[in-house]
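Data first, discussion second: the structure below is written as structure tokens.
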Amino acid sequence: MKAHQKMLVGIAAGTAAGLLANQLAGDTEALKWVVANLTMPLGRIFIRLLLMLVVPLLFSALVMGVCELDLKQLGRLGVRTLGYTVVFSAIAVALGLVLVNVIRPGEGFNLEALQAAEKNPLSLKAAPPPTSGSPVGFLVAMVPDNPLRAAADGDMIGLIVFSLLFGAGLAVTQTPGARRLRETVQGLYDVMMRLIDGVLRLAPFGVAALLFSVTADLGVGILKNIAAYVFVVVLGLGLHLFGVYSLAVRFLGKRNPLTFFRDVRLAMVTAFSTASSNATLPTALKVAEENLKLPNHVSRFVLTAGSAMNQNGTALFEGITVLFIAQVYGVPLSLSDQMVIMFICVLAGIGTAGVPAGSLPVIMMILGMFKIPVEGIGLILGVDRFLDMCRTTLNVTGDLAAAVYVARGESASEPPPGAPAQQPG
């Protein structure tokens with residue numbers, strides 16, 4: 001069986017067994033014992049294995065994402081690409097937060113879910129929430145005085161800021177030692193991705209255990225919430241893909257949106273089927289150069305950087321998922337809390353791995369920051385593969401839309417940023 005087929009079997013088995021246990025055993029001590037001592041610990045081990053990799057993965061991914069931009073020679077291409085990424089990621093997250101606040105897919109089982117989480121003796125330790133106070137105080141608190149302590153304390157905003165600064169410093173330091181350090185960080189990233197791939201092989205069992213625990217406690221009603229959650233995510237992705245990107249292509253790229261979507265359909269289909277921005281990169285480059293007729297140096301730079309940092313769909317998905325799980329467990333999030341979540345999602349989008357399920361560690365990190373039960377991630381794991389395919393399609397299309405915008409006014413004969421200068425003689 002393929003990985004996604006095994007996941008589907010785990011989803012079906014865990015959900016069906018949990019619903020059956022809820023109907024037959026109800027609120028009995030035997031079912032409570034099974035959940036508390038068997039299925040929930042198994043699911044928690046799966047989650048903790050993923051959480052264990054968050055800090056090194058986030059650090060290495062952010063550092064390499066910034067390093068590969070070659071900051072010394074970016075020029076106007078880098079400025080325009082980075083500006084586009086930040087603005088459209090913010091629009092995506094804001095759109096998602098509006099939808100999840102208006103539709104509120106997580107409401108309906110708040111009290112039951114919260115009581116189940118409070119009674120469970122195996123709750124994971126949550127990271128500290130962001131420091132409340134004035135905007136100036138928050139900006140000051142973003143800069144960690146000790147990055148190692150920030151990572152140990154779960155201060156992920158501080159870790160993200162340090163990682164971005166470290167990556168910028170590494171990008172502009174051209175010494176033999178710095179180049180070796182860059183290779184070391186790349187090696188760390190490669191190892192983390194291999195470990196995550198290994199942990200995800202356990203996903204069918206972990207997901208089955210988590211879904212059994214949730215459905216055995218909450219019954220069939222929670223499936224209505226999950227269906228509403230999927231609807232909100234797909235609606236948000238669709239509005240951003242066909243609404244926001246159409247406007248961007250028309251007014252920033254000066255192209256017909258219908259022609260643009262027709263030209264990039266091969267890349268969109270590849271992204272949907274692989275659920276990986278990295279795996280779709282060769283196809284996206286081919287589409288950009290052959291169908292969109294973009295200058296080679298623009299398409300290669302923007303699409304390569306975009307596959308690592310222009311993750312609009314992932315940022316939107318992360319924001320919706322955090323608020324959905326908060327609604328399920330009845331954890332209130334103020335407007336300022338949601339602004340912080342939006343900020344984190346935009347920043348984390350730079351370093352989210354362009355591979356299937358690459359956003360799950362970031363979501364769990366944010367859940368911990370706001371004291372939302374991290375085991376709530378089990379609610380969405382069953383539908384994550386489909387949503388991953390959808391958000392990857394948005395990510396890849398966004399990269400191509402960015403390339404169309406950046407290519408305006410560029411000459412096809414210009415050398416790419418960072419190309420080595422000709423040596424005399």
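Going by this note's numbering, 50 is the number at position 50 of the sequence shown; the sequence numbering is gapless.
We put the CB at the ideal spot given by N, CA and C, even for glycine.
1. Between the C-alpha atoms of G18 and A216, what's the straight-line distance to the nearest angstrom?
2. Decide yes or no for the touch test of the region 389 to 407 against the region 326 to 346: beta carbon pairs closer than 8 Å, at least 3 of them.
3. Going by beta carbon distance, what residues of the same chain come within less than 7 Å of A25, once the five residues before and after it are set aside?
4. The alpha helix (DSSP H) that contains G330, what's its start and end?
5. Can you give me the start and stop residues for the alpha helix (DSSP H) that K32 sits inside?
6. Would the beta-carbon of A168 be found less than 7 Å away from any heavy atom of the ligand COA?
7. Apart from the five residues on each side of it in sequence, which residues of its chain come closer than 8 Å, Cβ to Cβ, to V230?
8. Here's the rule: buried if 16 or more other CB atoms are within 10 angstroms of the residue's CB, otherwise exposed. What is P129?
9. Please name the residue in E318, L360, F272, D263 whose C-alpha comes closest to that of A288.
10. Apart from the five residues on each side of it in sequence, which residues of its chain come closer than 6 Å, Cβ to Cβ, to G398?
11. Can you have a look at M64 and say buried or exposed, based on whether 16 or more other CB atoms are within 10 angstroms of its CB?
12. Is the beta carbon of V100 closer than 8 Å to that of M365?
13. Under a three-way DSSP split, which group does K6 fall into?
14. Beta-carbon within less than 8 Å of F46's beta-carbon, same chain only, minus the 5 sequence neighbours each way: which residues are those?
15. Starting from G187, trace the alpha helix (DSSP H) in both directions and tell me its first and last residue.
16. Any idea if V87 is buried or exposed, counting beta-carbon neighbours within 10 angstroms, 16 or more meaning buried?
17. Can you find a C-beta in chain D that's less than 8 Å from the C-beta of V34?
18. Helix, strand or coil for F343, going by three-state DSSP, please let me know.
19. Quick one: residues in its chain with C-beta nearer than 6 Å to the C-beta of F59, no 5 flanking neighbours on either side, listed in chain order?
20. Which class does L170 belong to by DSSP, given the choice of helix, strand or coil?
21. Which value, in whole angstroms, describes the spacing of the CA atoms of A168 and V328?
To lay it out plainly:
1. Reading the sequence shown from its first residue, position 18 is the one you call residue 18. Reading the sequence shown from its first residue, position 216 is the one you call residue 216. G18 and A216: Cα-Cα distance of roughly 4 Å.
2. The region 389 to 407 is not in contact with the region 326 to 346.
3. Counting from one through the sequence shown, the residue named residue 25 turns up at place 25. Hits under 7 Å: L31.
4. Working through the sequence shown from its first residue, we reach residue 330 at position 330. Note, G330: premise wrong, no alpha helix (DSSP H); not H, not E.
5. Here residue 32 corresponds to residue number 32 of the sequence shown, with the count starting at 1. Membership of K32 in the alpha helix (DSSP H) is indicated by the continuous run 29 to 34.
6. Ligands in the displayed structure: none, and consequently the ligand COA is not present.
7. Indexing the sequence shown from 1 puts residue 230 at position 230. Here V230 has V383, F386, L387 as same chain residues with Cβ atoms under 8 Å from its own Cβ, once five neighbours each way along the sequence are excluded.
8. The residue labelled residue 129 in the question sits at position 129 within the sequence shown. Residue placement at P129 cannot be trusted, given a pLDDT of 47 that sits under 50; what the coordinates show is reported in the next sentence. So P129 counts as exposed.
9. Counting from one through the sequence shown, the residue named residue 288 turns up at place 288. Looking from the CA of A288, the closest CA among E318, L360, F272, D263 belongs to D263.
10. Along the sequence shown, read from residue 1 onward, the residue named residue 398 stands at position 398. The residues are N310, N312.
11. As a position in the sequence shown, residue 64 is number 64, starting the count at 1. The residue in question, M64, is buried, as its Cβ has 16 or more Cβ neighbours within 10 Å.
12. Working through the sequence shown from its first residue, we reach residue 365 at position 365. Working through the sequence shown from its first residue, we reach residue 100 at position 100. Against a cut-off of 8 Å, the Cβ pair of V100 and M365 comes out as no contact.
13. What you label residue 6 is simply residue 6 of the sequence shown in a count that begins at 1. Looking at K6 - three-state DSSP - the assignment turns out to be helix.
14. Taking the first residue of the sequence shown as position 1, residue 46 is located at position 46. Apart from the 5 residues on each side of it in sequence, F46 sits with its Cβ closer than 8 Å to the Cβ of V199, L202, A203, F205, G206, V207, A209, L210 in its chain, given in chain order.
15. Numbered from its first residue, the sequence shown carries residue 187 at position 187. For G187, the enclosing alpha helix (DSSP H) begins and ends at 176 to 200.
16. Against the sequence shown, residue 87 aligns to sequence position 87. Answer is exposed; the Cβ neighbour count stays below 16.
17. Absent from the structure: chain D. Only one protein chain is present.
18. Mapped onto the sequence shown, residue 343 falls at position 343. Three-state result, F343: helix.
19. Here residue 59 refers to the residue found at position 59 when the sequence shown is read from its first residue. In the same chain as F59, and ignoring 5 residues on each side of it, the C-beta atoms closer than 6 Å to its own belong to S163, in chain order.
20. Looking up residue 170 in the sequence shown gives position 170. DSSP places L170 in helix when its eight states are reduced to three.
21. Walking along the sequence shown from the start, residue 168 turns up at place 168. Walking along the sequence shown from the start, residue 328 turns up at place 328. Rounded to whole angstroms, the separation of the alpha carbons of V328 and A168 is 39 Å.
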